[in-house]
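Student: Quick one: the structure is below, questions incoming.
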Amino acid sequence: MQIAGARFVVTGGASLIGSHVADALLAQGAHEVVLLDNFALGTPEAVAHLKDDPRVKLVRGDILRVSELYDAFAGADGVFAIAGFLTLPLTQNPPLGLAVNVEGQVNVFEACRYRGVKKVVFSSSIAVYGEPGAGLIDEMAPANLATFQPGAMLYSCTKLIGEALCKLYHAKHGLHAIALRYSTVYGERQHYRGVNALYIVENYDRIMRGERPTVPGDGSEVHDYVHVADAARANVTAMASDVSGEVFNVASGVATTVKRLVELLLEITGSKLVPEYAGGGGVKSTSGSHLDLGIDKIGRMLGWHPQIGIEEGLRRLIAWRRANT
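My numbering puts the first residue of the sequence shown at 629, with every later residue one more than the last.
In structure tokens, the structure reads:
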């Protein structure tokens, strides 16, 4: 699909990823970008920089109200299905979280079918793999959910349902669809709802208050941190491609320990504070001392490769926080 001159709707448009997808679409010449959000989790501040762009339309709407989707999707060429509950808010409010992540996504696909939308790019997660084991984790890896915390397990199952909807509506209705399995997304406009990304913003805040940053356990826990600009570029690349009915890992391909993450925060901020090691605790998603996410498939089929390493990404995030506090 040609991005330039086309019309797109981003559900969850006032979110971290949604706002960056809008940036990427506009940079490639999209004719109109509709940002649909109910502002329960998204914020107007996330898209405040777009308010004067005549190509952007901010619409208050909810994916649980299918009639609002019918209205928003009229004339749309493509839809980015980003709206949803992350692990932490879903754990705190399971009835609403499950409704949004399951019934809401069914509504999105039904509205796309009804309105003749050409393609959907669905935001999934590497949480579908469960607890990572040794070896490469590519898109054919089985789910290992047995040891997951209950909230994380529920979240993973909702993402698997979303992926199944992509394949079902592709096969049954000819609606092109791709699912993107994000690793830990972080970056400018960072919020406090991403379970694993909380380590970044919470420890940055502690350092700025002159408090010692905390490292869970012995610091060997690893995550794959992918910058939000890379995640947004993956979305737009997926939309522009002719590929459908596939799932892709969207990750940096590099495992970073939480100890190293805190060290980078201290280096970038110029702080001499000494980290404090503490118990793990809290809600977690896809944690362990090993994580090797394969990104060969997305490179081969979509030509996407991560461009922003963890140090540069943290510098961007910190520069944004300093400019907005």
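Just so you know, even glycine gets a beta-carbon here, dropped at the ideal spot from N, CA and C. From a predicted model like this one, the values you see are computed outputs, not experimental measurements.
Just how far apart, CA to CA, sit Val856 and Ser811?
Tutor: C-alpha separation (whole angstroms): 10 Å.
Student: Taking the alpha-carbon positions, what's the Leu894 to Leu653 distance?
Tutor: Cα to Cα, the separation comes out at about 34 Å.
Student: Suppose only complete runs of 4+ residues qualify. What are the alpha helix (DSSP H) ranges in the stretch 834 to 880, listed by chain order?
Tutor: Listed in chain order, the complete alpha helix (DSSP H) runs (minimum 4 residues) inside the stretch 834 to 880 are 856 to 868.
Student: So, are the CB atoms of Thr885 and Gly847 less than 7 Å apart?
Tutor: Cβ distance < 7 Å, so Thr885 and Gly847 count as in contact.
Student: Could you tell me which residues DSSP puts in a beta bridge with Ser751?
Tutor: Its beta-bridge partners are Leu808.
Student: Under the assumption that Asp920 contacts Ile765 (Cβ atoms under 8 Å), give the Cβ distance between them as a whole number of angstroms.
Tutor: Confirmed, about 6 Å.
Student: Can you tell me the Cα-Cα spacing of Pro770 and Cys785, whole angstroms?
Tutor: Cα-Cα distance, rounded: 13 Å.
Student: With a CB to CB cut of under 7 Å and the five nearest residues on each side skipped, what residues in its chain are close to Gly703?
Tutor: Around Gly703: Arg635.
Student: Suppose the cutoff is 6 Å on Cβ atoms and the five residues either side in sequence are ignored; what does the same chain contact list for Phe737 look like?
Tutor: So the qualifying residues of the chain are Leu793, Tyr797.
Student: Put Asn721 into one of helix, strand or coil per three-state DSSP.
Tutor: Coil at Asn721, not helix or strand.
Student: Taking only the alpha-carbon atoms, compute the straight-line gap between His659 and Leu678 and give it to the nearest angstrom.
Tutor: Roughly 14 Å separates the two Cα atoms.
Student: Based on the DSSP output, what are the partners of Arg688 in its beta bridges?
Tutor: Paired residues: Asp665.
Student: Can you look up Leu919 in the DSSP assignment and give me helix, strand or coil?
Tutor: Note: Leu919 maps to coil in three-state DSSP.
Student: Please report the distance separating the alpha-carbon of Thr719 from that of Trp948.
Tutor: Each residue's Cα considered, the two are about 29 Å apart.
Student: Span of the alpha helix (DSSP H) holding Ala780?
Tutor: Where Ala780 is concerned, the enclosing alpha helix (DSSP H) stretches over 778 to 801.
Student: Mind checking Ala868: buried by the 16 CB within 10 Å criterion, or exposed?
Tutor: Buried, by the Cβ-count rule.
Student: Whole alpha helix (DSSP H) runs in the stretch 693 to 719 with 4 or more residues, listed along the chain?
Tutor: Segments of the alpha helix (DSSP H) lying fully in the stretch 693 to 719: 694 to 700.
Student: Could you give the distance in angstroms between the alpha-carbon of Ala762 and the alpha-carbon of Met929?
Tutor: Rounded to the nearest angstrom, the two C-alpha atoms are 25 Å apart.
Student: Is the distance from the Cβ of Ala692 to the Cβ of Cys740 below 7 Å?
Tutor: The sequence shown places Leu at residue 692, not Ala. Result no, Cβ atoms of Leu692 and Cys740 do not sit closer than 7 Å.
Student: Under 8 Å Cβ to Cβ from Leu892, same chain only, skipping five residues before and after it: list those, please.
Tutor: Correct list, in chain order: Ile938, Glu939, Leu942.
Student: Using a Cβ-Cβ cut-off of 7 Å (strictly less than) and excluding sequence neighbours within five positions of Tyr698, which residues of its own chain qualify?
Tutor: Same-chain partners within the cutoff: Ala739, Tyr742, Arg743.
Student: For Gly927, which option in Ser872, Val878, Ser647 has the closest C-alpha, if you only look at C-alpha atoms?
Tutor: Checking every option, the nearest Cα to that of Gly927 belongs to Val878.
Student: Taking Gly873 and Ala805 to be in contact with their CB atoms under 8 Å, please state how far apart those CB atoms are, rounded to whole angstroms.
Tutor: About 7 Å separates the two Cβ atoms, so the contact holds.
Student: Whose CA, out of Val675, Gly633, Ile631, lies closest to the CA of Ala642?
Tutor: Ala642 has its Cα closest to that of Val675, out of Val675, Gly633, Ile631.
Student: Among the candidates Ala780, Leu782, Ile789, whose CA atom is the shortest distance from the CA of Phe750?
Tutor: Considering only alpha carbons, the answer is Ile789.
Student: Below 8 Å on the Cβ atoms is my contact criterion, and I expect Arg809 with Ser752 to pass it. Report the Cβ-Cβ distance as a whole number of Å.
Tutor: Contact flag correct, Cβ pair sits at about 5 Å.
Student: Tell me the DSSP secondary structure of Asn772 in three-state form.
Tutor: It is a strand residue.
Student: Please list, in chain order, all residues of the same chain as Val756 whose beta carbon is under 8 Å from its beta carbon, the five residues on each side excluded.
Tutor: Closer than 8 Å at Cβ, skipping near neighbours: Ala771, Ser784, Lys787, Leu788, Glu791, Arg809.
Student: Please identify the residue among Arg888, Thr865, Val734 whose C-alpha is closest to the C-alpha of Ala795.
Tutor: The residue you asked about is not Ala; residue 795 is Lys in the sequence shown. Selected option, being the one with the closest Cα: Val734.
Student: In this structure, how does DSSP classify Thr953 when only helix, strand and coil are distinguished?
Tutor: It is coil, neither helix nor strand.
Student: Let me make sure I understand the geometry here. Which of Ala700, Pro760, Arg861 has the alpha-carbon closest to that of Ala883?
Tutor: Measuring from the Cα of Ala883, the nearest candidate turns out to be Pro760.
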